[in-house]
Amino acid sequence: MSTTTETRKFEAEVAQVLHLVTHSLYSHKEIFLRELISNASDACDKLRFEAIANPALNAGEGELHIDISWDKDARTISIADNGIGMSRDEVVANIGTIASSGTRRFLEAMGNEQKADARLIGQFGVGFYSAYVVADKVTVLSRRADAPANEGVKWESDGKGEYTLDTVELPERGTTVTLHLKADEDEFLADWKLRSLISRYSDHVAFPIRMQKPGNEAADDESGEPSKDDSAAPQWETINAASALWTKPRSDISDEDYQSFYKSLGHDFNDALAWTHNRVEGSQSFTTLLYLPSQPPFDLMMGGRDERKGLKLYIKRVFVMDAAEELLPNYLRFVRGVIDADDLPLNVSRELLQQNRQLDRIKSACVKRVLDLIETLARDEPEKFATFYKAFGNTLKEGIGEDHANRERIAKLLRFASTKGEAGKQVVSLDDYIGRMATGQDTIWYITAESHAAAFGSPQLEAFKAKDIEVLLMSDRIDEWMLGSLTEYDDRKLQNVAKGELPLDEADKAKQEEAAKSAEPLVARLKTLLGDRVSDVRVSARLTDSPSCLALADFDMAPHFARMLREAGQQMPESKPTLEINPQHELLKRVEAESDDAKAADLATLLLEQAEISAGAPLPDPAAFVQRMNRVLLAG
């Protein structure tokens, strides 16, 4: 085949990534080696899996491995693997474009920081470009395992907007990435430096990572001076553990080993918060090693419903796929780790995975292990649990609607602000709430709002505060949706303070009935003044200090949540609010005494609008509200 050369421009987002990489300062330059070794490991994993169905792919190359070499004179570092390799089209797809759903968020995160941090790279599937942190030119040579020698591909770019593609002769399969280092990056042209980085970040890669032994042409000592022996043939030595950590007994693995493996697995510079490592024996045998991160990735919420990664599925130590969707429910998508099964069919496909009963058992076991781990944190390590809940509490809440079988366990782990404690900032569990319930109370009361301040200051709480009844303050966006599924806990009903009847004793009921009867003329006038803007007006048992509030029917959606859905483009049915009033308030007495219907209408409408504002409902006509407020103020 004749050599074909072409020059192409990078896709726009690739160009942005490269610009940021080459023009920013980084606190972790050495990330490039971890990322490129991780890519090489993935290539070896893919070959080993494809070779199960096509053994010819693995012929003639010996064991799968990753070789790291350097040339001080040429000022280059090379990372070579004998994995699956890439065709010309795959090189273009994998390097010339970016398909990662998190890339735009990555660009925003990098662009908004004066000093961008390279640790972000690995979180967004753009690890290859970390090469440009230390290199001003990168050369890639690759040949796919099922392609002839004359269909090798050479890719090269200085990262400034264009790259070249050549078709070349490559006698062996696999990929070699060569970095031409920048002038001030000589620290990486030292054998001891590369070995220390591999030991720190890539020791638990499951394939041998090899470097030439000291005494060969490409090696040096700690001084950085070459130590040459021209009479010796190059000899390679494996410098990483090259073993599947999860297959070792737990007693043989240190916390440092677990953390090191987590960082290589999850592209995370932070330590894992906690982990669980288990071996299940029996009719179906498998091993799980599952981690809770200490911080959420940038695309946890935006990418949750797309293809998810984070759990690697192995079968008899053979990597099959990233299978987070099949192995954990969506609400546990933050979990990282590996599952290694002994008895799943090796030719399993994604379609078969979704229908495989054995996999269902593994999934159930994984969910149980993760919830066990979170429960242990909540019980024994409250500070770690607080860190976990701050990062993933809202994601965990999704399980209330998604995982009926574990709803009670998940609900036990949830935490909410409460009216108990200063400014409602005390965080409590549902069990805490039940433990403080007054004798005879059988309802867990809560309020939802768009912010903590709005919830704590809501007029709908006034009667509850006066009676010292604790109310849970729920202000996360997901809470209103979650409560559609969490209607009771431990045989206690959960009730919104804005809905239904309040818990009144006989004396309070008598007072309420008397107040309603006395206010009948005022209620009738308000109904007339407000017309079709309300569905009803009634005297409130909720109010002690405020003049008005909105009340909701049992199946009504909270106004702030309905507004949020409308803003997201959802079609919402039109509904008219019910206005509750406090006849003892001076504003209501003023309405009652006002003889001018126009002025009374302004006052009545303001009572409704301030109730809507407190509930988080949008005003239908803000300009008219301002004009009305001005008229009342001037008249006052």
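So in this note's numbering, spot 130 of the sequence shown is number 130, and the numbers just go up one at a time. Beta carbons are placed, not taken as given, at the ideal position from N, Cα and C, and that holds for glycine.
Given residue i, which residues of its chain have a CB within under 6 Å of its CB, disregarding the five upstream and five downstream residues?
i	result
residue 363	327
residue 154	141, 166, 168
residue 372	none
residue 450	560, 616
residue 45	319
residue 350	Its pLDDT being 48, under 50, residue 350 is placed unreliably in this model, and the value from its coordinates should be taken loosely. If we look at residue 350 and ignore the five residues flanking it on each side, it has no Cβ neighbours.
residue 114	For residue 114, the predicted structure reports a pLDDT of 44, less than 50, and the residue's modelled location is therefore unreliable. The matter cannot be settled from this model.
Under 8 Å by Cβ, that's how I've got residue i and residue j pegged, so tell me the actual separation to the nearest angstrom.
i	j	result
residue 284	residue 343	6 Å
residue 444	residue 492	5 Å
residue 246	residue 276	The pair is not a contact, with the Cβ atoms about 11 Å apart (cut-off 8 Å).
residue 188	residue 64	Contact doesn't hold; Cβ gap of about 25 Å is too wide.
residue 608	residue 486	Between residue 486 and residue 608 the Cβ distance is about 31 Å, and since that is not below 8 Å, they are no contact.
residue 204	residue 145	With 8 Å as the limit, residue 204 and residue 145 do not qualify as a contact, their Cβ atoms being about 25 Å apart.
residue 317	residue 244	5 Å
residue 537	residue 576	That pair is no contact at about 11 Å.
residue 85	residue 174	5 Å
residue 69	residue 212	6 Å
residue 544	residue 463	6 Å
residue 367	residue 290	Contact flag wrong, Cβ pair sits at about 10 Å.
residue 460	residue 542	5 Å
residue 322	residue 311	7 Å
residue 637	residue 5	With the chain represented from 1 up to 636, any question about residue 637 goes unanswered, as that position is not in the structure.
residue 554	residue 500	6 Å
Quickly, what does DSSP pair residue i with across the bridge? List them, please.
i	result
residue 290	276, 337
residue 549	580
residue 488	493
residue 319	314
residue 180	76, 137
residue 157	138
residue 416	428
residue 437	Residue 437 is not bridged to any residue.
residue 175	81, 142
residue 237	211
residue 163	8
residue 362	Its beta-bridge partners do not exist; DSSP assigns none.
residue 69	78
residue 472	418, 446
residue 536	578
Select from the options the residue whose C-alpha is nearest the C-alpha of residue i.
i	options	result
residue 178	40, 145, 289, 146	40
residue 193	128, 77, 583	77
residue 522	577, 590, 473	590
residue 440	469, 462, 413, 397	469
residue 427	459, 415, 406	415
residue 498	81, 549, 159, 252	549
residue 477	460, 338, 397	397
residue 10	488, 481, 92, 314	92
residue 479	507, 411, 464, 70	411
residue 138	157, 273, 48	157
residue 182	83, 209, 74, 596	74
residue 586	610, 600, 602, 547	547
residue 516	527, 540, 505	540
residue 489	453, 442, 463, 466	442
residue 136	52, 151, 184	184
residue 170	336, 214, 151	151
residue 458	432, 431, 496, 437	496
residue 551	528, 580, 574	580
residue 238	250, 437, 214, 252	214
residue 519	377, 509, 584, 532	584
residue 558	613, 528, 147, 195	613
residue 82	186, 43, 128, 252	43
residue 88	143, 507, 405	143
Say whether chain C places a C-beta atom closer than 9 Å to the C-beta of residue i.
i	result
residue 263	No chain C is present in this structure, which holds just one protein chain.
Please go through the same chain and pick out, in chain order, the residues whose beta-carbon is closer than 8 Å to the beta-carbon of residue i, but skip the five residues on each side of it.
i	result
residue 484	401
residue 456	417, 419, 423, 424, 473
residue 280	286, 287, 288, 365
residue 257	204, 245
Once the 5 residues before and after residue i are set aside, which same chain residues still bring their CB inside 7 Å of it?
i	result
residue 334	293, 296, 300, 392, 395
residue 631	602
residue 599	635
residue 625	609, 619
residue 563	616, 617, 618
residue 628	602, 605, 606
residue 273	292, 293, 294, 384, 387, 388
inquiry  = I'd like the ranges of any alpha helix (DSSP H) spanning at least 4 consecutive residues and lying wholly in the stretch 578 to 619.
reply    = Within the stretch 578 to 619, the complete alpha helix (DSSP H) runs of at least 4 residues are 586 to 593, 597 to 615.
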